[in-house]
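Residues in the sequence shown are numbered from 355 upward in steps of one, following this note's numbering. Ideal placement from N, C-alpha and C gives every residue a C-beta, glycine not left out. Quick notes on the structure that follows.
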Amino acid sequence: ITNGPVRVAKNGLVQGNIEGLSVRVGGTVIGDIKSKDQVILRKNCVLKGDISYRKLHIEDGAQFEGQCDLVDSLNTKNVNA
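Rendered as structure tokens:
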């Protein structure tokens, strides 16, 4: 958990939840991601978990298995989609 950016490198592996201002995933994450701003899933990443975000970018080739929740930018509560 951090108020700053979180980066998972191309060969990185995280088994657990990630929470940060912005999150960029290039490696493998098995767990949920919560971001107050944006989440970027790079082309070689594997994510098995749910995402909470304000902005989401998924590159071609990224593997994602989970659910997405858009967070309201004004009060950071989940918005029903």
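Note on geometry: alpha-carbon atoms of Gly381 and Asn365 lie some 5 Å from one another. Look at Gln369 here: in three-state DSSP terms it is strand. If you look at Asp423, you'll find it in the beta strand (DSSP E) that goes Cys422 to Leu424. With a 10 Å radius around the Cβ and a threshold of 16 neighbouring Cβ atoms, Ile355 comes out exposed. Just measuring C-alpha positions, the residue of Leu401, Asp426, Ile394 and Asp404 sitting nearest Glu413 is Ile394. Rounded to the nearest angstrom, the Cβ distance from Asp391 to Arg408 is 5 Å, consistent with a contact under 8 Å.
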